[in-house]
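Protein chains in written order, with the working numbering: chain A, 86 to 493; chain B, 172 to 609; chain C, 17 to 357.
The beta-carbon is built from N, C-alpha and C at its ideal position, and this holds for glycine as well.
As the structure is a prediction and not an experimental result, all values here were calculated from the model.
Take a look at the structure below.
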Amino acid sequence: MSAIPDQPARDKFQLSQLIYDTRYRSLTIQIFAFILLAIALFWLGRNTVINLAALGKDFDFGFLGQRAGYDINQSLIPYSSASSHGRAALVGILNTMLVAALGCTLALVVGTIAGVLRLSNNWLVAKIMTVYVETFRNVPVLLWIIAFFAILNESTPSPRDFGENGDASLLFGSIAITNRGVYIPRPTPLDGASWAVWVLVAIVVVSIAAIIVYRGYARRQQQSTGRILPVFRVSLALFFVPAVIAFFLLGMPLSLDYPELGGFNFQGGIMMRNSLIALWLALSLYTGAFIAEIVRGGILSVSKGQTEAAFALGLRPSRTMNLVILPQALRVIIPPLISQFLNLTKNSSLAIAVGYMDVRSTLGGITINQTGRELEGMLLLGLFYLVLSLIISAGMNFYNSSIKLKER
Amino acid sequence: MSEMNAQTVPYVRESMVPQAEPPVTERGAVKWMRENLFSSWFNAILTIIGLAFVAWVLMHIVPWLWNSIWFAGSLTACREIRDATWGAGAPSACFAVITDRWQQLLLGFYPSELYWRPITALVLFGVAVAPVLFTRVSRQLLWFSAVYPVAMVWLLWGGTIWPYLLVIAGFALGVPAYRIGAKAVSPLLGVVAAIAVPILFWVFVLPPLSGALSSALPIGLEAVPSRAMGGFMLSFIIGVSGIALSLPLGILLALGRQSHLIFIHAVSVAFIELMRGVPLIVWLFTASLLLNYFLPPGTTFDLTLRVVIMVTFFASAYMAEVIRGGLAALPRGQYEAADSLGLDYWKAMRLIILPQALKISIPGIVNTFIGLFKDTTLVVFIGLLDPIGLSNAIRATTDWNGIYWELFIFIGALFFICCFAMSRYSMYLEQKLRTDHR
Amino acid sequence: MKTSVFLGVLAASGLTAGIASAQSETLQEVQDRGTLNCGVSTGLTGFSSPNSNGEWEGFDVAVCRAVAGAVLGDPQAVEFVPTTGQTRFTALSSGEIDILARNTTWTFSRDNDLKFEFTGVNYYDGQGFIIPKDLGVSSAKELDGATVCIQTGTTTELNLADYFRSNNMEYEPVPIETNAEAQQQYLAGACDVYTTDASGLAATRATFEDPSAHVILPEIISKEPLGPLVRHGDNEWGDIVRWTLNALIAAEEYGVTSANVQDMASATGDNPEVNRLLGTEGDLGAMIGLDADWAVQAILAGGNYGEIFERNIGETTPVGLARGLNAQWTDGGLLYAPPFR
C-alpha cells in the first residue's frame with residue numbers, strides 16, 4: 086500500500102487533506118458537526134437561563150417535596166392530599182405502569198385471537214374481525230378512549246339503581262357492575278387465620294415452581310425420545326389440586342368481603358374504576374387491531390409448504406400450529422409486536438381524556454399547573470417515559486434474540 | 172364383443188342422462204352456509220355467537236339512527252321534535268348539530284367568503300399528489316407537486332405573493348450554487364453551497380426585498396391568521412405538512428444511523444430514541460409550554476407552526492426506523508456493487524441504494540403517515556381547535572350543550588375515510604411491488 | 017404585518033424570528049399589530065364559546081372586546097386564543113397573548129409565584145355543588161363517601177380536598193378535563209355530585225333536559241374572584257386593562273349605557289365624574305396613553321358591566337345567573353369602581 090505514489094506520506098500533511106483525503110475528511114465532517122451541535126446546545130441552554138432569569142424563576146426540584154394538596158382516586162400506594170408532589174408523581178408512575186401492563190396483556194390476547202379468526206374459514210367471523218380491525222385501526226385512539234368511557238357510563242347502572250327502588254342487581258349476587266367501576270368480592274383472611282393464608286400462598290408458589298420444572302422435563306423428554314407428555318392438563322392439575330386440598334384441610338381460612346351498597350357508593354370488595362377499564366379496553370382493542378394484522382401477516386408468512394409437510398408427517402392441526410407454524414411465525418411477529426407494546430405504553434398518556442390519574446395527569450398535569458414548574462416537570466416526565474420505553478424494548482429485544490433463528 | 176354385449180346387456184343407455192342437480196346441501200346458499208358458516212360444531216357456535224353479536228349491535232344503533240333529526244336550532248329544539256314525532260324518550264340521534272356546524276368542524280373559523288381557498292387548495296392537493304401516488308400519471312406533473320407546498324401555504328394563509336415567489340427563487344438559487352461549487356472545488360462544497368446560499372438568501376435578502384415588492388406591487392390574497400384555521404382542515408394541514416417534511420428528515424436520520432461516522436451515528440440514534448421513547452402528547456406540551464424557554468427572549472411564533480415542527484420531528488424518528496429496515500433488507504452486494512463502480516457516498520445512495528430501500532419501505536412509510544394523521548387529534552390538549560377541540564367548544568354553547576355521540580361519530584367517520592383510503596393505497600402498493608410469486 | 021408560516025420557518029431556521037424585547041410596551045405592540053391577542057377558555061357556557069358564525073361570545077369575551085375597543089377603537093380587532101387549564105399561564109407568560117380572560121381565580125401564588133398581575137375582578141364566584149334531587153341531600157356536610165366530579169387544572173380540586181379534609185369526610189374524586197365531559201359524567205350518574213364554580217353550575221343546570229331534578233347545594237366552599245390578568249413587568253398595560261374594567265363597572269353605576277354613551281360623550285354633562293370618564297373633561301385617557309374617548313369605545317363594545325352581564329349570563333339568558341355578589345355596591349354587591357379623577 087505504501088508503494089502507491091499518490092498516497093501522501095504522513096510527514097507531508099497538508100491542510101487541504103482535511104477536505105480531499107477520505108481518511109481525514111470523515112474526521113473533519115464529524116468535528117464540524119460536533120461544533121455545530123455544541124453551539125446549538127449552548128445557545129438553547131443560554132436562552133433558557135436568560136428566560137428563567139427574566140421570568141424570575143429558578144431551576145429547582147424542591148417542589149417535589151411540597152404538599153400536593155389534591156386527591157387521587159386510584160392509587161396503588163397510600164396517598165392523601167397531604168402527601169408530597171413527589172409521591173403524587175410516584176402514584177402516577179405506578180398507575181401508568183399498571184394500565185400499560187394490563188393493556189399489553191389484553192392487547193396480545195385480543196390481537197392473537199382476532200388475527201387467527203380473520204384467517205378463519207368461517208365467513209361471518211372473518212368478516213366481523215375484518216370490520217373490527219379496520220374500524221379500530223383507522224380511527225384515532227383518542228376517540229376510542231372517549232367512546233369507551235361514554236359507553237361504560239351510559240350502558241351500566243349507577244350505584245343508586247341497586248337500591249330498593251332501582252332495577253339493577255348484582256351479577257352472581259356478588260359482582261357489582263356500575264358506571265363508576267366494577268366491584269368484585271375481596272378475599273380476606275378470617276380472624277386469627279392469617280398464618281393459614283401464608284401457607285396457602287407458599288403452596289401456590291411451590292405449585293408454580295413444580296409446573297416450571299415439569300414443563301422443562303416434558304420438553305427434554307420430547308427432544309430426546311419424541312414422546313409428547315401432556316403439558317396443559319398436568320399444569321392445570323398441579324396448580325389447582327394442591328391449593329384446593331390445602332384450602333379445605335386448613336378449614337377454609339378465607340372469607341369473601343362482598344361489595345355492599347352503603348351511602349352513595351358500594352363499600353367493600355375490590356373496585357376497578359371505570360376510567361381504568363375504559364382506558365384499558367380502548368388501548369387494548371386499538372392496539373389489538375394492529376397486533377391482529379401482525380399475527381395474520383406472521384402466519385401468512387410461513388409458506389404453505391410447511392403446513393403441507395407437517396400434515397404429510399401426520400401431525401394433527403393443533404400440533405402443526407404449535408410445533409411448526411407458530412415458532413416460525415413468531416420470528417416475524419415479535420419485532421413489530423415490540424413497537425406495538427411501546428405504542429400502547431405511550432398512548433396510555435392519553436389517560437387524561439377519561440380522568441385516569443397516570444403520570445401525565447399527576448406530575449405532568451396538576452402538579453405543573455399548581456406549581457408552575459413546567460420545565461422541571463416536563464423534563465422528569467420525558468425522562469420517565471424514555472426510561473420506560475428503553476426498558477421495555479430492551480426486554481423484548483432480549484426475548485427476540487433468544488427465539489431468533491440461529492444463523493451462521 | 173359388441174354383438175355379445177348387445178345380447179348380454181339387455182339395456183344400454185343411448186343418450187346422456189341430463190345432469191342431476193347436486194343434493195340440496197351441496198348447492199347454492201345452503202352449500203355456501205355449510206362450508207362457510209357451519210363446517211364444524213365449533214364454527215357453528217362461532218357463527219351463532221357472531222350473529223347474536225351483530226344483531227345486538229344493530230338493535231341498539233339502528234332505531235337511534237333511524238329516528239335521526241337533521242334540522243333543528245338547538246338540542247332543546249331537537250328534543251321537542253323528537254317528543255312530537257317519536258314520542259318522549261325514544262332513541263333519536265340529533266344530527267342537526269352537524270347540519271348547523273359542519274362548516275366549523277371541517278374548516279374551523281375560516282372566513283366563509285374565502286371558503287373557495289381551502290377548497291381549491293384541497294383540489295390542487297389531489298392534483299399534486301397524483302403523480303407521486305400513481306406511476307401512470309404524467310411525470311411532468313411532478314414539477315407542480317414540487318411547487319405545490321408553497322402554493323398551498325399561500326392559498327391558505329394569504330398575504331402578498333412576493334415572499335412565496337422569493338422562497339421558490341431561493342430553492343432555484345440552490346441549483347446553480349451546487350453546480351458552481353461542485354465544479355470549482357468539490358462535490359461536498361457544492362452540497363454545502365446548495366444549502367447555504369438559499370438560507371442566506373432567505374434570511375438576508377428575502378425580508379427586505381419582499382417588503383419592498385409588497386409595498387410597490389401589493390398583489391396577493393387577503394391574509395388569514397392561523398387561529399382561524401381549525402377543524403378537520405387543521406388536522407389536514409398538520410398531517411400533510413408533517414408527512415411531507417418528515418420523509419426527507421427521516422431519510423437523513425436513517426442514513427445517519429447507518430453511517431460509519433461515529434459521532435453522526437450517535438447523534439442520530441440519540442435523536443431517534445429520544446423522539447420515539449417519549450409520547451407525542453409530551454412533545455406537544457413541550458412545544459406549547461417549553462419552547463419559549465429555549466428560544467431568545469421575546470420570541471413568539473405561531474403555535475400551529477410549533478406543532479407542525481414537533482409532529483415532524485416525532486414522525487421523522489419513526490420514518491427513520493422504517494427506512495432503516497429497508498436499508499437493512501437490501502443485500503450487501505448492492506452496497507459493494509455501488510462501491511466497486513467507484514460511486515461516492517451520495518451518488519451511491521441516490522442512484523443505487525435509496526431507490527431500492529424506499530421501495531421496500533413504502534408500506535411502512537404509509538402506515539407511519541396514517542399514524543401521524545390520527546395523532547393530530549392530540550393537539551386538542553394544547554388548546555388548538557382540531558375537530559375534537561371544536562366539538563368541546565360546540566358543546567359549550569347553550570344551544571348544543573349536552574350533545575355527544577353525533578359529533579364523535581361525524582369526526583370518527585371523517586378520520587376513518589381518510590385513513591382507510593390510505594391503508595387501501597398501501598395495500599395496492601404492496602400488491603404492485605410484490606415481485607415474488609407465492 | 018403578519019408573518020406567514022413559511023416565513024416563520026425560514027426565520028426560525030435563521031434564528032431571528034420576530035425578536036422583540038421583553039421590556040417593550042405591550043400597548044405599543046398591540047397598536048402596531050392592530051389586534052389584541054386575548055386568551056379565553058376553549059369553551060365555557062356563557063363565558064366564552066364560538067357561535068355558529070365562528071364569532072366568540074360570552075362574558076369573558078366581552079372583557080376582551082372592551083379592552084380592544086379602548087386600545088384600538090375597534091371591538092372586533094381581537095384574536096381569540098383558546099387556552100386550556102394547562103396552557104393558559106404559559107401562553108400569557110410567553111407573550112403569546114396580551115391578556116388572559118379565562119375564569120381565572122385570583123390567588124396569592126398565581127399573583128406572586130407565577131408572576132402575573134390580576135387587574136381586578138369581573139366576576140365574584142365561589143365553588144358549589146350540584147346534586148340530583150332524588151338523593152335527598154340538602155347540605156354539603158352530608159356528602160361523606162360521595163363520588164365527586166371535578167374539572168382538573170383549576171383551583172377547585174384543591175378547595176375540594178381542603179373542604180372534605182377539614183370536615184372529616186371521605187370522597188372519591190373523578191377528575192375530568194372539560195366542563196362538557198364532566199356534565200355528561202354527572203348526568204349518567206358516574207358521580208353523585210358535580211362541583212365547580214357556582215356560575216358554571218347554574219350554566220350547566222340550565223341545559224339539562226330536566227333542570228328541576230337537580231339542586232345546587234347552599235354551601236359555597238371557596239372564594240373565587242375571577243378576573244382578567246396580564247404579565248408582570250408592564251404596569252402601564254396592567255393599568256389599561258384594570259381601568260377598562262373599572263370603566264365598565266363605573267358606567268353602570270352612573271347609568272352610562274351603550275345606547276346613551278355617544279349622546280353623553282358628545283357634550284359636557286352635569287356629572288363631572290361621568291365627564292372625566294367619557295373624556296369630555298380632563299385628560300384621563302392621555303394618562304394611560306390612550307385617546308380621550310377610550311372609555312366611550314370600551315362601553316360601545318358591549319355596553320356597561322350590567323349590560324354585558326345581562327346579555328351573556330343574566331337571568332334572561334339560559335344560564336340565568338342572579339347578580340348576587342356581582343351587583344353594584346349601591347345594590348348590596350361587591351362591585352366598587354374607584355373614582356375616576
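Limits of the beta strand (DSSP E) - the one that A:Ile-269 falls within
266 to 269
From B:Thr-306, B:Ile-565, B:Trp-576 and B:Ala-491, residue whose alpha carbon lies closest to that of B:Trp-280:
Note on identity: in this sequence residue 280 of chain B is Phe, with Trp being the wrong assignment. Checked all of B:Thr-306, B:Ile-565, B:Trp-576 and B:Ala-491; the closest Cα to B:Phe-280 is B:Ile-565.
Residue interval of the alpha helix (DSSP H) (run including A:Val-210)
208 to 222
Using a Cβ cut-off of 7 Å, which residues of the region 467 to 479 of chain A contact any Cβ in chain B, in chain order?
Gly-467, Tyr-470, Leu-471, Ser-474 and Leu-475
Beta carbon of C:Val-79 nearer than 7 Å to that of C:Asn-138:
yes
Residue-chain proximity (B:Ala-567, chain C), Cβ-Cβ < 7 Å
yes
Can you tell me which residues form a DSSP beta bridge with C:Pro-98?
C:Val-56
Quick one: which unbroken alpha helix (DSSP H) runs of 4-plus residues sit fully inside the region 536 to 592 of chain B? Chain order, please.
558 to 566
Positions along the region 90 to 106 of chain C whose CB lies within less than 7 Å of some CB in chain A:
Gly-101, Gln-102, Phe-105 and Thr-106
Between A:Leu-471 and C:Asn-183, what straight-line distance do the alpha-carbon atoms span, to the nearest angstrom?
42 Å
For B:Val-438, which residues from the same chain have a beta carbon less than 8 Å from its beta carbon, with the 5 sequence-adjacent residues on both sides left out?
Gly-427
Within the region 375 to 449 of chain A, note down every full alpha helix (DSSP H) run reaching 4 residues or more, in order along the chain.
389 to 397 and 411 to 432
At 3 residues or longer, what runs of the beta strand (DSSP E) sit wholly inside the region 205 to 280 of chain C?
209 to 213, 230 to 232, 240 to 242 and 245 to 247
For C:Ala-302, which residues of its own chain have a beta-carbon under 8 Å away from its beta-carbon, when the five flanking residues on both sides are left out?
Ala-308
To which residues of the same chain is C:Gln-344 closer than 7 Å at the C-beta, ignoring the five residues directly before and after it?
Glu-268, Glu-269 and Leu-351
According to a CB-to-CB cut-off of less than 9 Å, which residues of the region 214 to 234 of chain C neighbour chain B?
Ala-219, Thr-220, Ala-222, Thr-223, Phe-224 and Glu-225
To the nearest angstrom, how far is it from the Cα of C:Thr-58 to the Cα of B:Tyr-319?
33 Å
With distances taken Cα to Cα, identify the nearest neighbour of C:Ala-219 among B:Ile-580, B:Glu-492, B:Trp-571 and B:Ser-597.
B:Trp-571
Select from the region 205 to 223 of chain A all residues with a C-beta closer than 8 Å to any C-beta belonging to chain B, and list them in chain order.
Ser-205, Asn-206, Asn-207, Trp-208, Leu-209, Val-210, Ile-213, Glu-219, Thr-220, Arg-222 and Asn-223
How would you call A:Phe-483, buried or exposed, if buried means at least 16 neighbouring beta carbons within 10 angstroms?
exposed
Cβ atoms of A:Ile-453 and A:Gly-462: under 7 Å apart, would you say?
yes
Considering only the beta carbon of each residue, do A:Gly-354 and A:Arg-271 sit closer than 7 Å?
yes
List, from N- to C-terminal side, the alpha helix (DSSP H) runs of 4 residues or more that fit wholly inside the region 371 to 411 of chain B.
377 to 387
Beta carbon proximity, A:Met-463 to chain B, threshold 7 Å
yes
Verify the CB distance criterion: does C:Thr-194 have a CB-CB separation below 7 Å to chain B?
yes
Candidates B:Ser-211, B:Pro-467 and B:Gly-341, of which the one nearest B:Ile-366 by Cα
B:Gly-341
DSSP beta-bridge partners of C:Tyr-140:
C:Pro-241
Shorter than 7 Å from the beta carbon of B:Asn-238 to some beta carbon of chain C?
no
Chain-ordered neighbours of B:Thr-218 on chain A, where CB pairs are closer than 9 Å:
Asn-207, Trp-208, Leu-209 and Val-210
Jot down the residue ranges of each uninterrupted alpha helix (DSSP H) in the region 298 to 345 of chain A, minimum 4 residues, whole runs only, in chain order.
317 to 334
Counting contacts by CB-CB distance shorter than 7 Å, is B:Ile-269 in contact with chain C?
no
Checking contacts by CB at 7 Å: is B:Ser-459 closer than that to chain C?
yes
First and last residue of the uninterrupted alpha helix (DSSP H) at B:Met-323
312 to 328
Is there contact here, the region 203 to 213 of chain C with the region 549 to 556 of chain B, by at least three beta-carbon pairs under 8 Å?
no
Closer than 7 Å, CB to CB, is B:Leu-604 near chain A or not?
no
Under 7 Å between C-beta atoms, does B:Cys-265 make it to chain A?
no
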